Amino acid sequence: MNKIYFILLQLVFFMAAAPLLSGLITKIKNSLRLRKGQSIWQPYYNLSKLFLKEEVVSDTASWIFQAAPFVVLGSTLCAALLIPVFIFYTPLNYLGDLLALIFILALGRFFLALAALDTGSSFGGLGSSREMFISSLVEPALCLVVFSISLRSGSTSLAAFGAVSGVQASSIIAGAALFLIALAETARIPVDNQETHLELTMVHEAMVLEYSGRPLALIEMAAYVKQTIFFLLIAQIVFPVGLPVSGSLAEIVFWSSWYLGRLVIVAAIVAVVEVSVAKMRLFRVADFLGFAFVLGIIASICAILGV
Amino acid sequence: MLNLFPKQFFLFDPLAVFFLSVIFIVSLPSAVYSFSYLKGEYSPAKIILAWFLLIIFVLSMAAVVTAANALIFLIVWEIMSLVSYFLVVFDTAHDKSIQAGAIYIIMTHIGTAFLIAAFMIMYQYAQAFDFLAIKEACRSMPLQVRNIVFLLLLIGFGTKAGIVPLHIWLPYAHPQAPSHISSLMSGVMIKTAIYGIIRFVIFILGVNSSWWGILVLILALISCLVGVIYALMEHDLKKLLAYHSVENIGIILLGVGLAMFFISLNLPYLAVFSLIAGLYHLVNHAIFKGLLFLCAGSVYKATGTRDIEKLGGLIKKMPQTALYFLIGAMAISALPPLNGFVSEWLTLQAFFLGAFQVAGGTKLFLGVCASLLALTSGLAAACFVKAFGVTFLALPRSNYARSAQEVPLSMRAGMFFLALLAVIFGLLAAWIIKLLAKITGSVTGIDISSMKFSLNNFILSPQAGQGVYLSTPWLALALIALGIAGLVVYRLTGRKKAVMLNTWDCGYYKLNARNEYTATAFSKPFRIAFSFFLLPYRKTQKVRESFYHVKSFTYETHTTPVFRKYIYQPLVGLVIRAAKFMRRIQPGSIHLYLAYIFATVLLLIIFMPKF
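Top to bottom, those sequences are chains V and X.
Every position in the first sequence, counted from 1, becomes a number in the numbering used here once 91 is added.
So in the numbering used here, spot 212 of the second sequence is number 199, and the numbers just go up one at a time.
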C-alpha cells in the first residue's frame, strides 16, 4: 500500500514540477536577454488553454495519430517512475533498470515519429526524419554514459545509481556528456529550437505540428516530464544526494531543498547555454553527438581507472 | 581404413530440440500463410511444386540441426542449400531471380567448401565423422590446427549466416523467393549457420583462445552496423528486411561471441548468460522477421509492388496487416514490452556484466561494443519508422496502393500467430530464460544448477545481488495503466468533439500524395551522416529542346555498393582472367589432349607407390 502512495506521489511530483522547470528556463533566458518575458507559470497557462481548445484531426490520419499521445505520455511517465526521486526510494525498481529506461523512452519517440508521418504533411515527415536521426545518434553516447555510471555503482540498477554519493572526475565528464545528450533529446539550442516555427530549424515542433487541443497538451506534458527525467539524471550524477544519516527533520529538509536546488542549477546552465550559442546546422548534430560519444568514452576510461 | 558409416544418425539433445522448435514455430504459420499466398500468383502445377519444395526445405533444415554425424550433416546441408536455391529461382519470370540464384548458389558452395575442409581436418584426428567421436578427438588437437579449423568453420558458417563481408548473397536471394519462403530463409535457414557455430565451435571444438570470441564480436558488430545502414538506404520492402537479417545475425553473434569469450576466460556464469541472450535473440528474430516477411508478402500480394515509394496509406486498406507489421516493427526496434526488447536488453546486460568482471582495457572494449549495439538499435528504430510510416501511413502514392485490399484469412492467420508469439515471448521472458539456461548448460557443459537468472516467473534478474531487475509483464501493465490514465484525463476534460479537417497546407490548395515525405527524403540525414561509408553520388541529366529550353530533367541519387565494387568485382574479375589464362591449355587439338592423358598416366605410375 505504501508503495502505491509513493508511486502516486512521484507521478504528482513530475506532473506538477515538470512544466515549472520549463517556465524557469524561459524566465532565466529572458532575464539574461534583459527582457521582462513571460511568467514562470506560463507553461501551466498554455496547458490549461490547450485543454479547453477545440481539437482538429487531419482526415488523412489513422488510429496511430490518435493513439500516439497516450503512448508518448504513458511511456514517459513510466520512465519517470523508474527514476529515484525521493532520495532513498525507487518505487518500481522491479520494472527495469537504466538500460530499460532508454528503451522505454524510445517507445514514445517511435510512436510520435510515426504519428508525424501519418498526416501526410511534409513538415511531419521532416520532423520525424530529423528526430529519428538525432535520437539514433544519441543512443551510443547515452549507452556509454550509462556504462560509466554503472561501472561506478556496480550495476545498472537505478536504486544503486541513486545511492551513489561523492563526485569523481568520471561522474563530471559523464554528466557533461549527458548534458549534451539532454540538449538534443529535449529539443534545445543548439540542436533544436523550441521558440520558433521556422521549418529550417524545427525538429520536435515539426513533428507535433498537426496536433491541437488536448492531445497536444498531453504531448507537451510528456515533453516536460522527459526533460525533468534528463535533468534529474544529470543532477544525480554531478550533484549526488547522500542518504540521510540521522533522519532528523532538519536533515531531511536540507537534503530535499538541495534536491530541488540542483535541478534549478541544471536549468540555469541550460538557459545560459541556450542564450549564448547559435543553433547549428542539422548535419553538424552528428559531430555534436560524436563529441558526446567521445566524452562518454573518456568518462568510461576514468571510471575504469577509478577516478 | 575409412570409417564412414555412422554409429548414430540423429541426435536429439537440448540444443537440437531448441532449433527444431524454432524451425517449426516459423514453418507452421508460413505454411498456413502460403495457402492463399500461392493461389492466383502461380499456376496449379507450380503450386504443387512449391508445396513439395517447402516440405523438403523444412525437413532438410530439421535434419541439419539433428544430424549426429558430419557426413550426414553435409548431405542434408547440401540438400537444404539446393532446395532453397530452387525456391530462390521459383519466380522464373523475373531475370532478377536467375541472377540472385546464381549469386546464392556460388556463395553457399564456397561456404560449404570451407566446411568440408574443416570436417576433413577433424576427421584426421577422430578417424570418424560422428560428432561425439570428433568431440573426444578435439581435446588432443594441437592449438594451431584448432585455430585453422575454427577459421574454416567461421567462414563456412559465416557465409550461410550472412556475416559481413560474406553477406553479399543475402539481400539478393531472400527477397527474390516467394514471401513465405523469404520468411523461412531469413527467419530460420540462416539460423542453422548459428547452430553450426554453436555445435561445432562451442560444443565440439571447445573454446580455449580468447581471440576467437573477440574476432566473432568484431565481425558481429560490423554486420550489425553495415546491415542496418544499408537497410536504411533500401526502398524495396523485402530487401530492407533482408538487410535487417544481416543486422540481427550480428546481434545474435554478439551473444554467441561473448559466450565464447567468457568461456575462454573461464567465467561460467557470464558464458551461460551471454549464450542465453544470443539464443533468445535467435528465436525472437525468427519470430519477428518471419512475421515481417509475411507482412511484406501481404503488401506485395495486395499491391503488386515492393517499392515503398509507391505505397502509402495501407493502414486504412489493410488494417490487420498494418497492425501485424507494426508489432513486428516494434519488436525488431527493441521497443518494450515486446520480445526484441528483452533479448537486446539481455545482450547489453551481458556486455555490462562482463565489463564488471574483466580487467582494464577489456572493460572499455565491452563498453564500446555495447554502445555500438545501442547505435544499431537506434538506427533500426529509425529504419522501421521509415518502413512502416511510408508503407502504411498517410496517402497512397500510386494506384497500386490505392486499389489494395486486405489479404485472405489464411494469410492473416499466419501473421496473427507470429504477432501473438512476438508479444508472448516478450511477456514470458523470465519463464523462457529458465528453459534457455538448460539448453546452454548442456551445450557448454557448465553446471547451471546454482545459477539464477530470474527472481520468479515474471521478473528477470541477471544481477540479483545488485538489484537489477526487468519485468516485462509489469512494464506492460504500467505502460497500459498510464496510457489509460492519459485517456481518462482526455475523456473527462473534453467538452467538444474533435473536428476532422484537411492537413494544414500553409494555404496551398489541396495537399496530395506528391507533397508527402518520401523514403529517400526520410533517409537523407543518414545518407549524409554515413557518407564516408555509403559514398553517395548523383546523376543528373538534362534533355534540351534547344539551348534555352530544358525539356526534361532527371535527377538520381545512388549509394556505392562498397563490398560489391571493391571486394567482389575485383575477385570475380580475377577468376575470369585466370579462367581465360587457363583456357590456353584447351586449344581443341586432339593430339594435345592425348598427350595430357599420357602424361597423367605416367605421373600416376611414378607416384602411386608413394600413397
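Each residue gets a CB set at the ideal place from its N, CA and C atoms; glycine is no exception.
What you are looking at is a predicted structure, and each value in this text was computed from that prediction instead of being measured.
From residue i to residue j, what distance separates their C-alpha atoms?
| i | j | result |
| --- | --- | --- |
| Leu228 of chain X | Ala377 of chain V | 26 Å |
| Gln114 of chain X | Ser330 of chain X | 40 Å |
| Ala388 of chain X | Leu498 of chain X | 18 Å |
| Leu15 of chain X | Ala506 of chain X | 33 Å |
| Ala273 of chain X | Cys169 of chain V | 29 Å |
| Ala309 of chain X | Lys(-6) of chain X | 51 Å |
| Met(-12) of chain X | Ala160 of chain X | Bear in mind that the predicted position of Met(-12) of chain X carries a pLDDT of just 47, short of 50, making it unreliable; the figure below should be weighed with that in mind. Approximately 41 Å between the Cα atoms of the pair. |
| Val213 of chain X | Pro110 of chain V | 41 Å |
| Leu25 of chain X | Ala32 of chain X | 11 Å |
| Leu206 of chain X | Glu234 of chain X | 11 Å |
| Leu190 of chain V | Thr247 of chain V | 7 Å |
| Ala267 of chain V | Ala18 of chain X | 54 Å |
| Ala254 of chain V | Asn184 of chain V | 13 Å |
| Leu240 of chain X | Gly265 of chain X | 7 Å |
| Leu579 of chain X | Gln573 of chain X | 9 Å |
| Tyr230 of chain X | Leu474 of chain X | 38 Å |
| Ser576 of chain X | Met67 of chain X | 41 Å |
| Ala50 of chain X | Ile43 of chain X | 10 Å |
| Leu354 of chain V | Ser227 of chain V | 26 Å |
| Val355 of chain X | Ala390 of chain V | 12 Å |
| Val215 of chain X | Gly300 of chain X | 25 Å |
For residue i, count neighbouring C-beta atoms within 10 Å of its own C-beta (all shown protein chains included) and say buried if the count is 16 or more, exposed if not.
| i | result |
| --- | --- |
| Lys288 of chain X | buried |
| Gly165 of chain V | buried |
| Lys94 of chain V | exposed |
| Leu591 of chain X | exposed |
| Trp199 of chain X | buried |
| Leu447 of chain X | buried |
| Leu359 of chain X | buried |
| Ile420 of chain X | buried |
| Leu340 of chain V | exposed |
| Tyr136 of chain V | exposed |
| Ala251 of chain V | buried |
| Lys120 of chain V | buried |
| Val229 of chain V | buried |
Residues bridged to residue i by DSSP?
| i | result |
| --- | --- |
| Gln450 of chain X | X:Val455 |
| Tyr29 of chain X | X:Lys26 |
| Thr541 of chain X | X:Gln528 |
| Phe106 of chain X | Phe106 of chain X pairs with nothing; no bridge assigned. |
| Val147 of chain V | X:Val486 |
| Thr546 of chain X | X:Pro523 |
| Ser441 of chain X | X:Leu447 |
| Ala54 of chain X | X:Phe(-3) |
| Asp117 of chain X | X:Asn56 |
Kindly indicate which residue of the options has the alpha-carbon position closest to the one of residue i.
| i | options | result |
| --- | --- | --- |
| Phe97 of chain V | V:Arg221, V:Lys127, V:Pro182, V:Arg279 | V:Pro182 |
| Lys118 of chain V | V:Gln327, V:Ser130, V:Ala107, V:Ala109 | V:Ser130 |
| Ile360 of chain V | V:Leu112, V:Gln157, V:Gln101 | V:Leu112 |
| Gly145 of chain X | X:Met94, X:Ser170, X:Tyr110 | X:Met94 |
| Gly599 of chain X | X:Val9, X:Leu257, X:Ala18, X:Leu278 | In the structure as shown, chain X starts at -12 and stops at 598, and residue 599 of chain X therefore has no counterpart that could be examined. |
| Val455 of chain X | X:Lys526, X:Phe339, X:Phe77 | X:Phe339 |
| Gly149 of chain X | X:Ile184, X:Ser196, X:Ser210, X:Leu558 | X:Ser210 |
| Gly315 of chain X | X:Leu301, X:Cys282, X:Pro306 | X:Cys282 |
| Ala369 of chain V | V:Val344, V:Ala390, V:Arg279 | V:Arg279 |
| Gln157 of chain V | V:Val294, V:Ala206, V:His288 | V:Ala206 |
| Gly470 of chain X | V:Leu100, V:Asp150, V:Glu146, V:Val163 | V:Val163 |
| Phe550 of chain X | X:Leu69, X:Trp156, X:Leu138, X:Thr79 | X:Trp156 |
| Thr547 of chain X | X:Val4, X:Arg525, X:Lys567 | X:Arg525 |
| Arg186 of chain X | X:His545, X:Asp82, X:Ala357, X:Asn56 | X:Asn56 |
Using a beta-carbon distance cut-off of less than 9 Å, what residues from the segment 382 to 397 of chain V approach chain X? Phe384, Gly387, Ile388, Ser391, Ile392, Ala394, Ile395
Proximal residues, the segment 501 to 513 of chain X versus chain V, C-beta separation under 9 Å: Asn502, Glu503, Tyr504, Thr505, Ala508, Phe509, Ser510, Lys511, Pro512, Phe513
Using a Cβ-Cβ cut-off of less than 9 Å, list which residues of the segment 351 to 372 of chain X approach chain V; keep chain order. Leu351, Leu353, Gly354, Val355, Ala357, Ser358, Leu359, Leu360, Ala361, Leu362, Thr363, Ser364, Gly365, Leu366, Ala367, Ala368, Ala369, Cys370, Phe371, Val372
Check distances from the C-beta atoms of the segment 261 to 280 of chain V to those of chain X and list, in chain order, the residues that come in under 9 Å. none
Selection of the segment 365 to 381 of chain V by Cβ proximity to chain X, strictly under 8 Å: Leu373, Phe374, Ala377
In chain order, what residues of the segment 135 to 149 of chain V put their CB closer than 9 Å to some CB of chain X? Phe142, Leu143, Lys144, Glu145, Glu146, Val147, Val148, Ser149
Going along the segment 157 to 172 of chain V in order, which residues come within less than 8 Å of chain X, judged by CB to CB distance? Pro160, Phe161, Val162, Leu164, Gly165, Ser166, Leu168, Cys169, Leu172
Using a Cβ-Cβ cut-off of less than 7 Å, list which residues of the segment 239 to 264 of chain X approach chain V; keep chain order. none
Relative to chain X, which residues along the segment 190 to 201 of chain V have a C-beta separation below 9 Å, given in chain order? Leu190, Ala191, Ile193, Phe194, Ile195, Ala197, Leu198, Arg200, Phe201
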